[in-house]
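J.: Could you have a look at this structure, given as structure tokens, before my questions?
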Amino acid sequence: MVALKEQDYDKYARKMKKYLKWELIILDDFLLHTITDEREIKILFELLEKRNEQRKSTIVCSQRDPDNWKAMILNDEVSANSIMKRATKHYTVKINTR
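At position 8 of the sequence shown the residue is numbered 387 (the working numbering), and the sequence of numbers has no breaks.
Have a look at this one:
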């Protein structure tokens with residue numbers, strides 16, 4: 380998304396708009412690798428912030444414990460805290476077993 384945003388902002392905006400229209404998105408392997416690029420951090424924040432504003436559902440799947448997510452967003456504790464608030468806001472955990 381970073382390259383797309385820099386090369387063709389209109390195409391980036393259309394793609395982001397599409398992600399914001401969906402009632403549900405699933406972020407799989409969330410923060411599997413560290414994020415050090417400020418541009419990536421801003422895009423992730425923008426996506427989560429706008430989806431929260433619109434009350435859209437986002438499922439976050441990760442191999443990492445949520446307590447360790449902030450450590451995966453390097454160089455910017457404020458952004459890490461902001462992303463964490465949005466990734467864990469208005470959530471419900473349901474586990475059904477038979």
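Beta carbons are placed, not taken as given, at the ideal position from N, Cα and C, and that holds for glycine.
1. With three or more beta-carbon pairs closer than 8 Å as the criterion, would you say the stretch 400-411 touches the stretch 440-451?
2. Between K397, M395, K421, which lies nearest to V457 when the distance is taken from Cα to Cα?
3. Rounded C-beta distance between L480 and A466? I'm assuming under 8 Å.
4. Have a look at V381 and R418 and give me their C-alpha separation to the nearest angstrom.
5. Would you tell me roughly how many angstroms separate the C-alpha atoms of A392 and N447, rounded to the nearest one?
6. In chain order, what residues of the same chain lie with their CB nearer than 7 Å to the CB of K390, ignoring the 5 residues before and after it?
7. With distances taken between CB atoms, is the gap from L399 to Q433 smaller than 8 Å?
T.: So, from the data block:
1. yes
2. Residue 457 sits at position 78 when you count from the first residue of the sequence shown. Measuring from the Cα of V457, the nearest candidate turns out to be K421.
3. What is shown of the chain runs 380 to 477, which leaves residue 480 out entirely.
4. Position 2 of the sequence shown, counted from the first residue, corresponds to residue 381. Position 39 of the sequence shown, counted from the first residue, corresponds to residue 418. Cα to Cα, the separation comes out at about 6 Å.
5. Sequence index remark: in the sequence shown, residue 392 carries index 13 (1-based). Sequence index remark: in the sequence shown, residue 447 carries index 68 (1-based). C-alpha separation (whole angstroms): 31 Å.
6. For the purposes of this step, residue 390 is taken as the residue at position 11 of the sequence shown. The residues are L383.
7. If you number the sequence shown from 1, residue 399 lands on position 20. If you number the sequence shown from 1, residue 433 lands on position 54. Yes, the pair counts as a contact, with Cβ atoms nearer than the cut-off.
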